[in-house]
Amino acid sequence: MEEALEVFEVAEEFGLDGIVSWVLRAVGLLLVLTGLGLWLLTDSGLLLLPAGLMVVGVVMLVATELLFAIAELV
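Counting from 1, position 3 in the sequence shown corresponds to residue 5 in our numbering; the numbering is continuous, with no gaps.
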């Protein structure tokens with residue numbers, strides 16, 4: 003976790019925090035849409051993969067702001 007915070011700290015120092023946060027949000031949105039697509043458009047009995055993708059996507063959408071806030075505090 004400390005290495006991830008260090009990466010966000012370096013990105014913030016170089017002024018790339020906006021770009022990194024938008025990339026993480028885009029990946030999170032892509033994961034949510036992929037999970038929804040797998041869940042709604044396929045006939046699979048196993049729902050763990052789509053649910054996992056949606057949860058990870060939502061966490062990535064929310065965690066970007068939290069990671070930069072934690073990096074500022076550290």
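Note that the Cβ used here is the ideal one computed from N, Cα and C, for glycine as well.
Can you give me the C-alpha to C-alpha distance between residue i and residue j, rounded to a whole angstrom?
i, j, result
"residue 58", "residue 43", "20 Å"
"residue 66", "residue 39", "24 Å"
"residue 31", "residue 64", "11 Å"
On a Cα-Cα basis, can you pick out the residue from the options that is closest to residue i?
i, options, result
"residue 60", "10, 41, 72, 27", "27"
"residue 34", "68, 66, 9, 52", "52"
"residue 29", "56, 72, 74", "56"
Could you give the first and the last residue of the continuous alpha helix (DSSP H) run that contains residue i?
i, result
"residue 7", "4-15"
Since residue i and residue j are thought to touch, with beta carbons under 8 Å apart, how far apart are those beta carbons, to the nearest angstrom?
i, j, result
"residue 7", "residue 69", "7 Å"
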